[in-house]
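This report refers to the structure that appears directly beneath it.
Number of protein chains: 2
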Amino acid sequence: MTESPSTTKKAPSRIQQRNRTLILDAALEVFSSQGYRGATLDQIAKQAGLSKPNILYYFNGKQEIHVTLLNQLMTVWLDPLKEMNPNGDPIKELIGYVHRKLDMAIELPRESRLFANEILQGAPRMGPHLSAGLKPLFDKQIIVITRWMESGKIARSDPAHLLFSIWATTQHYADFAAQTEVLLPDRQAREDGARAFLDQLFTKLLTP
Amino acid sequence: MTESPSTTKKAPSRIQQRNRTLILDAALEVFSSQGYRGATLDQIAKQAGLSKPNILYYFNGKQEIHVTLLNQLMTVWLDPLKEMNPNGDPIKELIGYVHRKLDMAIELPRESRLFANEILQGAPRMGPHLSAGLKPLFDKQIIVITRWMESGKIARSDPAHLLFSIWATTQHYADFAAQTEVLLPDRQAREDGARAFLDQLFTKLLTP
DNA sequence: TCGTGTCTTTACCAAATGGTAAAATTTAAT
DNA sequence: ATTAAATTTTACCATTTGGTAAAGACACGA
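Residue numbers (the UniProt record's numbering), protein chains in the order written: chain A, 1 to 208; chain B, 1 to 208.
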């Protein structure tokens, strides 16, 4: 029986694994720079070095590629937040989180833009994941941070907005790169400056 | 001679003014929520209550509507930055700027998202305006802030990244509303919390 | 009210785009 | 080597979408 591998759940062949990876890589490139509607299967196919029908042999449609990508990268994206250790030194943990997020924005700007695009459009294909995936983790870490504040180890502020501000300031360097690159053209200086500034900003906020 | 008013530069009639406004309003709604490629002339037409050909009577094409919108709103968007008074009290000026930007994000989320969409895609239709419009103003205000720091009236930090962090944290509430609304559903609490937090964040940073 | 120019609608079109059918080719186990 | 299954290509198709032509409706000054 000849059936598309996109529905089959049996062991994927070497070719299948290679091509699905190829497609998802290409899709990340295209979706992150063009948005969901701006991206075309032809662009993804060309970027992947495959034909359009070939791509539809591995995925049931454009939407499935996009959703697969979002699901797959969600884990990577939330990892730094999970890694915060409730028993570590609060300032170290939070400043460390800031640095890890900034590193991710610099090293994985496509992933950042992929999510930014999706959220900007109202998260039409990710809404459930926000409630089911992000929200619980968010609430959990809010509690951790609140405890840290109550223990007096860091200054009191609103933990939720603290996280928002960390996300906003770090992802800004990926999502608004077209702007920051015009305003601060020297890449190395910009990245070093960002690190130093965010360190200072959040250290001052958190130090009791 | 019958000619489209989009090329004519003569005094626009009452109807012309009304309909161009109607179209630009509709276009703001659609472009900001769907992005440039995601927006269709049919959507804009429906939103404006006009027919598609009628819309193309007033504008020469989709791109012209978009560019007109960007140009028109650029002024409004940069206004708060211009308003910073070099002779005022530095902390008051900067904190005031933060509050004005946050108010704009809350009151004009569509404008914020319109620009966010455009920058995210690499500013393909706005690139020149960044260099020609924003850059000079940015550089000028960097100098003002630098002087404030040198005078000892505010703590030293990187002025460019200070502005980036103000933009990032305030616009976050408009651009990532789909996310913040899931994580902090109570609108009033969210907005009040944002104001208080950003006030605290930047006051701590700037106080010498 | 008449006529000229302004505005709107109807009826289209060509290109782009997501997707499919089925033939052709390649892979791999026997 | 043979063959059955997996993979890729070729040739399409229906819909959507930005855009146009031209006829029709309307406004308004003389």
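The beta carbon of each residue, even a glycine, is placed where N, CA and C say it ideally should be.
Buried versus exposed, by CB contacts within 10 Å (16 or more), residue i
i                     : result
residue 137 (chain B) : exposed
residue 88 (chain A)  : exposed
residue 61 (chain A)  : exposed
residue 101 (chain A) : buried
residue 30 (chain B)  : buried
residue 179 (chain B) : buried
residue 119 (chain A) : buried
residue 131 (chain A) : exposed
residue 111 (chain B) : buried
residue 107 (chain B) : exposed
residue 151 (chain A) : exposed
residue 98 (chain B)  : buried
residue 145 (chain B) : buried
residue 121 (chain A) : buried
residue 166 (chain A) : buried
residue 51 (chain A)  : exposed
residue 207 (chain A) : exposed
residue 143 (chain B) : exposed
Below-8 Å beta-carbon distance, residue i vs any chain B residue
i                     : result
residue 46 (chain A)  : no
residue 138 (chain A) : yes
residue 56 (chain A)  : no
residue 116 (chain A) : yes
residue 113 (chain A) : yes
residue 50 (chain A)  : no
residue 103 (chain A) : no
residue 42 (chain A)  : no
residue 28 (chain A)  : no
As assigned by DSSP and simplified to three states, the class of residue i
i                     : result
residue 49 (chain B)  : coil
residue 85 (chain A)  : coil
residue 151 (chain B) : coil
residue 208 (chain A) : coil
residue 196 (chain A) : helix
residue 31 (chain A)  : helix
residue 158 (chain B) : coil
residue 18 (chain B)  : helix
residue 136 (chain A) : helix
residue 224 (chain A) : This structure gives no information on residue 224 (chain A), because the portion of chain A shown stretches from 1 to 208.
residue 71 (chain B)  : helix
residue 1 (chain B)   : Unreliable placement is indicated for residue 1 (chain B), whose pLDDT of 35 sits below 50; the coordinate value is still reported in the next sentence. Of the three classes helix, strand and coil, the one that applies to residue 1 (chain B) here is coil, per DSSP.
residue 126 (chain A) : coil
residue 185 (chain B) : coil
residue 59 (chain A)  : coil
residue 108 (chain B) : coil
residue 40 (chain A)  : coil
residue 121 (chain B) : coil
Chain A residues whose Cβ lies nearer than 8 Å to that of residue i
i                     : result
residue 172 (chain B) : 164, 165, 167, 168
residue 25 (chain B)  : Those do not exist, as residue 25 (chain B) stays about 19 Å from chain A at its closest Cβ, beyond 8 Å.
Minimum Cβ-Cβ distance from residue i to chain A less than 8 Å
i                     : result
residue 154 (chain B) : no
residue 31 (chain B)  : no
residue 61 (chain B)  : no
residue 183 (chain B) : yes
residue 135 (chain B) : yes
residue 94 (chain B)  : no
residue 151 (chain B) : no
residue 141 (chain B) : no
residue 201 (chain B) : yes
residue 89 (chain B)  : no
Partners in chain B for residue i, counting only beta-carbon separations shorter than 9 Å
i                     : result
residue 277 (chain A) : No answer is possible for residue 277 (chain A): the residues shown for chain A start at 1 and end at 208.
residue 98 (chain A)  : Correct list: empty, because the minimum Cβ distance to chain B is about 12 Å.
Chain-ordered chain A contacts of residue i [CB-CB under 7 Å]
i                     : result
residue 161 (chain B) : 193, 194, 197
residue 131 (chain B) : 182
Amino acids of chain B, ordered along the chain, whose beta-carbon sits closer than 8 Å to that of residue i
i                     : result
residue 34 (chain A)  : 37, 121
residue 186 (chain A) : Result: empty, since nearest Cβ-Cβ is about 11 Å, beyond 8 Å.
residue 205 (chain A) : 200, 201, 204, 205
Legend entry - Proximal residues, the stretch 68-85 of chain B versus chain A, C-beta separation under 9 Å: none
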